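Working notes for the structure below.
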Amino acid sequence: MTHFASMVPHRGSSRPQAASRAFTLVELLVSMTVLTILLLIVTNVISETQKAWSQASSRVSQFREARAAFDVLTRNISQATLNTYWDYKRSNPNDIAEVPSKYERTSELSFIVGQGSALLRNSSNSQNVSSHAIFFQAPLGNTQEGENANLTNLLCARGYYVLYGNDAPFLPGFLPANYAKNRFRLMEYSPTAETNRIYADGFRPTDSNNSSVWFERDAMAPISATETAANRSPARPIAENIIALIISPRVSPKEAGSVDPTYIAPFYDYDSTKRANQSAQSPDGQGTQHLIPPLLEVTMVALDGPSAEKLELQTHSPNFVSEAGAAFTNANSYQGDIQALEDELIKRRLNFRVFRATIPMRSSKWSL
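In terms of the numbering used here, the sequence shown opens at residue 2 and continues consecutively.
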(Lines of atoms letter the chains of each structure in order from A and count residues from 1; the text may use other names and numbers.)
(Lines give C-alpha, C1' and ligand atoms only; values in the text may rest on other atoms or scores of the structure.)
Protein backbone atom coordinates (compact mmCIF):
# COMPACT_ATOMS: atom_id res chain seq x y z
CA MET A 1 0.00 0.00 0.00
CA THR A 2 1.37 3.23 -1.07
CA HIS A 3 1.65 6.02 1.49
CA PHE A 4 0.62 9.33 -0.20
CA ALA A 5 1.59 11.32 2.84
CA SER A 6 5.17 10.72 2.06
CA MET A 7 4.66 12.20 -1.39
CA VAL A 8 3.17 15.50 -0.20
CA PRO A 9 5.81 18.03 0.70
CA HIS A 10 5.89 19.06 4.29
CA ARG A 11 4.26 22.40 4.82
CA GLY A 12 7.08 23.71 6.88
CA SER A 13 9.82 22.66 4.49
CA SER A 14 11.98 25.42 2.96
CA ARG A 15 11.65 26.39 -0.72
CA PRO A 16 14.69 27.63 -2.63
CA GLN A 17 14.56 31.48 -2.93
CA ALA A 18 15.78 33.53 -5.94
CA ALA A 19 18.93 35.50 -5.16
CA SER A 20 18.33 39.33 -4.64
CA ARG A 21 19.46 41.33 -7.72
CA ALA A 22 21.68 44.49 -7.20
CA PHE A 23 22.10 47.55 -9.53
CA THR A 24 24.69 47.08 -12.18
CA LEU A 25 27.55 49.51 -12.62
CA VAL A 26 26.01 50.85 -15.83
CA GLU A 27 22.71 51.59 -14.08
CA LEU A 28 24.53 53.42 -11.30
CA LEU A 29 26.46 55.52 -13.80
CA VAL A 30 23.29 56.42 -15.70
CA SER A 31 21.52 57.38 -12.46
CA MET A 32 24.41 59.54 -11.36
CA THR A 33 24.54 61.22 -14.77
CA VAL A 34 20.83 62.03 -14.68
CA LEU A 35 21.11 63.32 -11.11
CA THR A 36 24.10 65.48 -12.06
CA ILE A 37 22.24 66.95 -15.03
CA LEU A 38 19.25 67.76 -12.82
CA LEU A 39 21.51 69.41 -10.24
CA LEU A 40 23.20 71.46 -12.96
CA ILE A 41 19.84 72.60 -14.33
CA VAL A 42 18.58 73.58 -10.87
CA THR A 43 21.85 75.37 -10.08
CA ASN A 44 21.74 77.24 -13.39
CA VAL A 45 18.12 78.31 -12.84
CA ILE A 46 18.94 79.56 -9.33
CA SER A 47 22.03 81.38 -10.61
CA GLU A 48 20.12 83.09 -13.43
CA THR A 49 17.33 84.05 -11.06
CA GLN A 50 19.81 85.57 -8.62
CA LYS A 51 21.57 87.39 -11.45
CA ALA A 52 18.28 88.80 -12.79
CA TRP A 53 17.27 89.88 -9.28
CA SER A 54 20.65 91.49 -8.65
CA GLN A 55 20.54 93.35 -11.97
CA ALA A 56 16.99 94.55 -11.35
CA SER A 57 17.88 95.69 -7.83
CA SER A 58 21.03 97.36 -9.13
CA ARG A 59 19.13 99.23 -11.84
CA VAL A 60 16.57 100.47 -9.35
CA SER A 61 19.31 101.57 -6.97
CA GLN A 62 21.51 103.12 -9.66
CA PHE A 63 18.73 105.20 -11.20
CA ARG A 64 17.16 106.28 -7.90
CA GLU A 65 19.35 109.40 -7.78
CA ALA A 66 18.51 110.24 -11.40
CA ARG A 67 14.78 109.83 -10.76
CA ALA A 68 14.94 112.06 -7.68
CA ALA A 69 16.86 114.74 -9.60
CA PHE A 70 14.41 114.55 -12.51
CA ASP A 71 11.48 115.02 -10.14
CA VAL A 72 13.14 118.09 -8.59
CA LEU A 73 13.92 119.53 -12.01
CA THR A 74 10.40 119.10 -13.41
CA ARG A 75 8.75 120.36 -10.22
CA ASN A 76 10.85 123.54 -10.12
CA ILE A 77 10.51 124.23 -13.84
CA SER A 78 6.72 123.97 -13.61
CA GLN A 79 6.75 126.91 -11.16
CA ALA A 80 8.69 129.27 -13.44
CA THR A 81 7.21 132.76 -13.62
CA LEU A 82 7.74 136.06 -15.41
CA ASN A 83 5.36 138.23 -13.34
CA THR A 84 4.22 139.79 -16.60
CA TYR A 85 2.25 143.05 -16.49
CA TRP A 86 1.04 145.69 -18.94
CA ASP A 87 2.93 148.94 -19.31
CA TYR A 88 3.11 151.93 -21.66
CA LYS A 89 5.08 151.52 -24.86
CA ARG A 90 7.44 154.42 -25.57
CA SER A 91 10.21 154.73 -28.12
CA ASN A 92 12.41 155.88 -25.24
CA PRO A 93 11.38 153.98 -22.08
CA ASN A 94 13.30 156.45 -19.90
CA ASP A 95 11.40 159.49 -21.23
CA ILE A 96 8.33 159.70 -19.04
CA ALA A 97 7.23 162.90 -20.81
CA GLU A 98 6.75 161.04 -24.10
CA VAL A 99 3.16 160.21 -24.94
CA PRO A 100 2.87 156.40 -24.99
CA SER A 101 1.63 154.85 -28.21
CA LYS A 102 0.03 151.75 -26.69
CA TYR A 103 0.24 149.17 -23.96
CA GLU A 104 2.48 146.13 -24.19
CA ARG A 105 3.50 143.18 -22.07
CA THR A 106 6.48 143.83 -19.83
CA SER A 107 8.57 141.81 -17.41
CA GLU A 108 11.90 142.25 -15.66
CA LEU A 109 12.34 138.49 -15.38
CA SER A 110 13.72 135.98 -17.84
CA PHE A 111 12.96 132.47 -19.05
CA ILE A 112 15.61 131.11 -21.37
CA VAL A 113 16.26 127.72 -23.00
CA GLY A 114 18.97 126.76 -25.46
CA GLN A 115 22.23 124.97 -26.12
CA GLY A 116 24.12 124.91 -22.83
CA SER A 117 27.48 125.82 -24.34
CA ALA A 118 25.91 128.86 -26.01
CA LEU A 119 24.06 130.14 -22.93
CA LEU A 120 27.21 129.74 -20.82
CA ARG A 121 29.63 130.81 -23.56
CA ASN A 122 31.27 133.46 -21.38
CA SER A 123 32.22 130.92 -18.72
CA SER A 124 35.71 129.43 -18.81
CA ASN A 125 34.33 125.88 -18.66
CA SER A 126 31.59 126.24 -21.27
CA GLN A 127 33.25 123.73 -23.64
CA ASN A 128 32.42 120.98 -21.15
CA VAL A 129 28.67 121.68 -21.14
CA SER A 130 26.61 119.02 -22.90
CA SER A 131 23.23 119.30 -24.65
CA HIS A 132 20.70 121.88 -23.41
CA ALA A 133 20.32 124.26 -20.47
CA ILE A 134 17.46 126.22 -18.91
CA PHE A 135 17.44 129.26 -16.60
CA PHE A 136 14.39 130.89 -15.03
CA GLN A 137 12.87 132.51 -11.94
CA ALA A 138 10.42 130.78 -9.60
CA PRO A 139 8.82 131.53 -6.19
CA LEU A 140 10.67 128.78 -4.35
CA GLY A 141 11.42 130.65 -1.11
CA ASN A 142 14.99 129.41 -0.73
CA THR A 143 16.70 131.76 1.71
CA GLN A 144 19.79 131.85 3.91
CA GLU A 145 18.48 134.49 6.30
CA GLY A 146 16.61 133.17 9.31
CA GLU A 147 14.17 136.08 9.44
CA ASN A 148 13.03 135.27 5.89
CA ALA A 149 12.38 131.58 6.54
CA ASN A 150 8.59 132.05 6.60
CA LEU A 151 8.55 133.86 3.25
CA THR A 152 7.99 130.72 1.24
CA ASN A 153 7.28 132.52 -2.05
CA LEU A 154 10.47 134.54 -2.33
CA LEU A 155 11.68 134.74 -5.92
CA CYS A 156 14.71 132.57 -6.65
CA ALA A 157 16.78 131.93 -9.75
CA ARG A 158 17.15 128.37 -11.00
CA GLY A 159 19.05 126.74 -13.81
CA TYR A 160 19.88 123.23 -15.00
CA TYR A 161 22.57 121.97 -17.34
CA VAL A 162 24.85 118.94 -17.86
CA LEU A 163 28.56 119.39 -17.15
CA TYR A 164 31.42 116.98 -17.83
CA GLY A 165 34.40 117.03 -15.50
CA ASN A 166 36.03 115.52 -12.44
CA ASP A 167 34.71 115.75 -8.92
CA ALA A 168 37.93 116.84 -7.23
CA PRO A 169 36.51 120.23 -6.07
CA PHE A 170 33.74 118.68 -4.00
CA LEU A 171 35.33 115.47 -2.75
CA PRO A 172 35.53 115.04 1.05
CA GLY A 173 38.90 116.08 2.41
CA PHE A 174 39.78 112.61 3.73
CA LEU A 175 39.75 111.08 0.22
CA PRO A 176 42.99 111.01 -1.81
CA ALA A 177 43.30 113.21 -4.90
CA ASN A 178 43.53 110.21 -7.23
CA TYR A 179 40.02 109.21 -6.19
CA ALA A 180 38.56 111.92 -8.45
CA LYS A 181 36.67 110.61 -11.45
CA ASN A 182 35.39 112.18 -14.67
CA ARG A 183 31.63 112.04 -15.07
CA PHE A 184 28.71 113.79 -16.69
CA ARG A 185 26.64 115.49 -13.99
CA LEU A 186 23.34 117.32 -13.84
CA MET A 187 24.11 120.71 -12.32
CA GLU A 188 21.64 122.98 -10.55
CA TYR A 189 22.14 126.74 -10.37
CA SER A 190 20.39 127.59 -7.10
CA PRO A 191 21.31 130.92 -5.52
CA THR A 192 19.27 132.00 -2.53
CA ALA A 193 16.64 134.72 -2.80
CA GLU A 194 19.09 137.23 -1.27
CA THR A 195 21.65 136.61 -4.03
CA ASN A 196 19.22 136.67 -6.96
CA ARG A 197 20.79 139.11 -9.44
CA ILE A 198 17.85 139.56 -11.78
CA TYR A 199 16.97 142.99 -10.34
CA ALA A 200 20.53 144.18 -9.69
CA ASP A 201 21.99 147.08 -11.66
CA GLY A 202 24.00 145.79 -14.57
CA PHE A 203 22.41 142.35 -14.44
CA ARG A 204 18.91 143.04 -15.75
CA PRO A 205 18.42 141.18 -19.05
CA THR A 206 15.94 143.84 -20.21
CA ASP A 207 18.68 146.50 -19.90
CA SER A 208 21.26 144.49 -21.81
CA ASN A 209 21.67 142.84 -25.19
CA ASN A 210 22.98 139.81 -23.32
CA SER A 211 20.07 137.71 -22.06
CA SER A 212 22.46 135.58 -20.01
CA VAL A 213 23.89 138.49 -18.02
CA TRP A 214 22.03 137.64 -14.80
CA PHE A 215 23.30 134.07 -14.46
CA GLU A 216 26.39 133.52 -16.62
CA ARG A 217 28.90 134.72 -14.01
CA ASP A 218 27.73 132.45 -11.20
CA ALA A 219 26.04 129.53 -12.97
CA MET A 220 29.37 127.74 -13.34
CA ALA A 221 31.10 129.17 -10.27
CA PRO A 222 33.69 126.69 -8.96
CA ILE A 223 33.07 124.83 -5.74
CA SER A 224 35.69 125.53 -3.10
CA ALA A 225 36.79 123.04 -0.47
CA THR A 226 36.72 125.87 2.09
CA GLU A 227 33.22 127.14 1.36
CA THR A 228 30.64 127.47 4.11
CA ALA A 229 26.86 127.80 4.18
CA ALA A 230 27.27 131.58 3.99
CA ASN A 231 29.55 131.60 0.93
CA ARG A 232 28.59 128.41 -0.87
CA SER A 233 28.83 128.18 -4.63
CA PRO A 234 25.39 128.58 -6.27
CA ALA A 235 26.11 125.75 -8.72
CA ARG A 236 25.86 122.21 -7.34
CA PRO A 237 25.72 118.71 -8.86
CA ILE A 238 22.40 117.07 -8.02
CA ALA A 239 22.84 113.83 -9.98
CA GLU A 240 25.79 111.95 -11.42
CA ASN A 241 25.96 110.03 -14.72
CA ILE A 242 23.43 112.26 -16.51
CA ILE A 243 24.73 112.52 -20.07
CA ALA A 244 22.01 114.56 -21.77
CA LEU A 245 19.26 117.06 -20.95
CA ILE A 246 16.90 117.95 -23.80
CA ILE A 247 14.32 120.73 -23.39
CA SER A 248 11.76 121.53 -26.07
CA PRO A 249 9.34 124.48 -25.58
CA ARG A 250 6.07 123.86 -27.39
CA VAL A 251 2.36 124.51 -27.49
CA SER A 252 -0.34 121.88 -27.24
CA PRO A 253 -1.51 120.30 -30.52
CA LYS A 254 -4.92 121.92 -29.99
CA GLU A 255 -3.39 125.40 -29.69
CA ALA A 256 -1.01 124.79 -32.57
CA GLY A 257 -3.82 123.92 -34.95
CA SER A 258 -2.38 122.97 -38.31
CA VAL A 259 1.20 124.00 -37.49
CA ASP A 260 3.94 122.12 -35.67
CA PRO A 261 3.64 122.35 -31.83
CA THR A 262 7.37 123.16 -31.73
CA TYR A 263 7.01 126.24 -33.92
CA ILE A 264 7.76 128.59 -31.01
CA ALA A 265 11.22 126.99 -30.63
CA PRO A 266 12.04 124.99 -33.78
CA PHE A 267 15.73 124.90 -32.85
CA TYR A 268 15.12 124.49 -29.09
CA ASP A 269 16.05 128.15 -28.42
CA TYR A 270 13.58 130.23 -26.44
CA ASP A 271 14.26 133.62 -24.87
CA SER A 272 11.36 135.43 -23.23
CA THR A 273 13.13 138.81 -23.45
CA LYS A 274 13.21 138.73 -27.28
CA ARG A 275 10.49 139.58 -29.77
CA ALA A 276 9.91 136.36 -31.67
CA ASN A 277 7.20 134.37 -33.42
CA GLN A 278 5.24 137.44 -34.47
CA SER A 279 2.12 136.54 -36.40
CA ALA A 280 1.55 137.63 -39.97
CA GLN A 281 -1.43 139.68 -38.84
CA SER A 282 0.68 141.75 -36.45
CA PRO A 283 4.30 141.82 -37.69
CA ASP A 284 5.14 144.55 -35.16
CA GLY A 285 3.64 142.57 -32.27
CA GLN A 286 5.58 141.08 -29.44
CA GLY A 287 4.98 137.48 -30.41
CA THR A 288 6.26 135.31 -27.57
CA GLN A 289 8.10 138.13 -25.79
CA HIS A 290 7.53 138.03 -22.01
CA LEU A 291 5.57 134.79 -22.29
CA ILE A 292 6.31 131.39 -20.81
CA PRO A 293 5.59 128.53 -23.22
CA PRO A 294 2.51 126.46 -22.37
CA LEU A 295 4.44 123.18 -22.36
CA LEU A 296 8.01 122.00 -21.96
CA GLU A 297 8.96 118.53 -23.11
CA VAL A 298 11.95 117.45 -21.04
CA THR A 299 14.14 114.42 -21.74
CA MET A 300 16.99 113.26 -19.53
CA VAL A 301 19.35 110.35 -20.30
CA ALA A 302 21.12 108.64 -17.39
CA LEU A 303 23.70 105.84 -17.11
CA ASP A 304 24.14 103.46 -14.21
CA GLY A 305 27.37 103.49 -12.18
CA PRO A 306 29.23 100.59 -13.86
CA SER A 307 28.34 101.92 -17.31
CA ALA A 308 29.64 105.37 -16.40
CA GLU A 309 32.94 103.80 -15.34
CA LYS A 310 33.08 101.91 -18.62
CA LEU A 311 32.37 105.09 -20.60
CA GLU A 312 35.20 106.87 -18.78
CA LEU A 313 37.58 104.19 -20.03
CA GLN A 314 36.24 104.52 -23.59
CA THR A 315 36.19 108.31 -24.01
CA HIS A 316 36.99 111.54 -22.19
CA SER A 317 35.09 113.78 -24.60
CA PRO A 318 32.48 116.17 -23.18
CA ASN A 319 30.89 116.07 -26.65
CA PHE A 320 30.00 112.39 -26.45
CA VAL A 321 26.31 113.02 -27.19
CA SER A 322 26.86 115.09 -30.34
CA GLU A 323 29.64 112.74 -31.49
CA ALA A 324 27.11 109.90 -31.25
CA GLY A 325 25.11 111.62 -34.01
CA ALA A 326 22.60 113.19 -31.62
CA ALA A 327 22.95 116.92 -32.25
CA PHE A 328 19.60 117.96 -30.73
CA THR A 329 19.65 121.23 -32.66
CA ASN A 330 16.36 120.78 -34.56
CA ALA A 331 13.16 119.93 -32.72
CA ASN A 332 11.77 118.09 -35.75
CA SER A 333 14.77 115.73 -35.63
CA TYR A 334 14.22 114.76 -32.00
CA GLN A 335 13.20 111.15 -32.67
CA GLY A 336 16.17 110.54 -34.93
CA ASP A 337 18.57 112.15 -32.45
CA ILE A 338 17.34 110.21 -29.43
CA GLN A 339 17.41 106.98 -31.44
CA ALA A 340 20.99 107.68 -32.55
CA LEU A 341 22.03 108.22 -28.93
CA GLU A 342 20.29 105.05 -27.76
CA ASP A 343 21.91 103.04 -30.57
CA GLU A 344 25.36 104.31 -29.58
CA LEU A 345 24.79 103.40 -25.93
CA ILE A 346 23.58 99.93 -26.90
CA LYS A 347 26.57 99.45 -29.20
CA ARG A 348 28.90 100.30 -26.31
CA ARG A 349 26.91 97.95 -24.03
CA LEU A 350 26.05 100.67 -21.57
CA ASN A 351 22.99 100.43 -19.34
CA PHE A 352 20.89 103.57 -19.54
CA ARG A 353 17.46 104.96 -18.87
CA VAL A 354 15.60 107.73 -20.65
CA PHE A 355 13.36 109.94 -18.49
CA ARG A 356 10.65 111.92 -20.27
CA ALA A 357 8.02 114.36 -19.06
CA THR A 358 5.77 116.97 -20.62
CA ILE A 359 5.51 119.82 -18.12
CA PRO A 360 2.45 122.10 -18.18
CA MET A 361 3.68 125.53 -17.12
CA ARG A 362 1.47 126.89 -14.34
CA SER A 363 2.00 130.59 -15.01
CA SER A 364 1.76 130.40 -18.79
CA LYS A 365 -0.76 132.98 -20.03
CA TRP A 366 -0.71 132.23 -23.70
CA SER A 367 -2.04 134.84 -26.12
CA LEU A 368 0.00 135.84 -29.12
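The C-beta atom is built at its ideal place from N, Cα and C for all residues, glycine as well.
None of these values were measured; they are calculated from a predicted model.
- In this structure, DSSP gives Q80 a state outside helix and strand, which the three-state scheme calls coil.
- In the three-state reduction of the DSSP assignment, W54 falls in the helix class, which pools H, G and I.
- Scanning its chain for C-beta atoms nearer than 6 Å, with the 5 sequence neighbours on each side dropped, one finds around T193 the residues N143, T144 and Q145, in chain order.
- Under a 10 Å Cβ-count criterion, P254 is classified as exposed, with fewer than 16 other Cβ atoms of the shown protein chains found around its own Cβ.
- Rounded to whole angstroms, Q315 and F171 show a C-alpha spacing of 24 Å.
- The continuous stretches of beta strand (DSSP E) do not include D344, which lies in the alpha helix (DSSP H) extending over residues Y335 to K348.
- By the CB criterion at 8 Å, I199 and Q287 fall outside the cutoff.
- Minimum Cα-Cα distance from R122 among the listed residues E217, S111 and S308 corresponds to E217.
- Closest in C-alpha terms to S280, from the list E345, K366 and Y264, comes Y264.
- Distance from the CA atom of E345 to the CA atom of S225, rounded to whole angstroms, is 35 Å.
- The region 92-161 contains, as complete beta strand (DSSP E) runs of 3+ residues, the segments 103-107, 113-116 and 130-140 (chain order).
- Take L342, set aside five residues on each side of it, and the residues of its chain with a beta-carbon closer than 7 Å to its own are A245, V302, V322, A325 and A327, in chain order.
- Ranked by Cα distance from V355, the first of N242, S273, A266 and R251 is N242.
- In the three-state reduction of the DSSP assignment, Y271 falls in the strand class.
- Membership of F321 in the alpha helix (DSSP H) is indicated by the continuous run F321 to E324.
- In this model, E256 and N211 are separated by some 31 Å (Cα to Cα).
- Comparing alpha-carbon positions, the option among I339, I78, S364 and M362 lying closest to F353 turns out to be I339.
- In the three-state reduction of the DSSP assignment, A257 falls in the helix class.
- The region 157-244 contains, as complete beta strand (DSSP E) runs of 3+ residues, the segments 183-190 and 236-241 (chain order).
- The region 305-319 makes no contact with the region 90-104, as fewer than three CB pairs between them are under 8 Å.
- Between the beta-carbon of G117 and that of V130 there is about 4 Å, and that keeps the pair under the 8 Å contact cut.
- Counting every other CB atom within 10 Å of its CB across the protein chains shown gives G160 a total of 16 or more, marking it as buried.
- Each residue's CA atom was taken as its position, placing F24 and V35 some 15 Å apart.
- With respect to the 8 Å criterion, L297 and I248 are classified as neighbours on the basis of their beta carbons.
- Per DSSP, reduced to three states, the secondary structure at V252 is coil, with no helix or strand assignment.
- The bridge partners DSSP lists for L246 are M301.
- Nearest in C-alpha terms to P223, of all of S124, Y104, T44 and S48, is S124.
- Burial check for L304: the Cβ neighbour count within 10 Å reaches 16 or more, so the residue is buried.
- With at least 16 other beta carbons inside 10 angstroms of its own, Y271 counts as buried.
- Per DSSP, reduced to three states, the secondary structure at L36 is helical.
- For W87, DSSP records a beta bridge to R106.
- Between P206 and T274, the C-beta spacing is below 8 Å.
- Pairing A266 with T75 gives a Cβ-Cβ distance that is not under 8 Å.
- Your pair A81 and S364 checks out as a contact, with CB atoms roughly 7 Å apart and the cut at 8 Å.
- If the five residues before and after L156 are omitted, its C-beta is found closer than 7 Å to the C-beta atoms of Q138, P140, A194 and N197, all from its own chain and listed in chain order.
- Straight across, the Cα-Cα distance linking I360 with H317 is about 33 Å.
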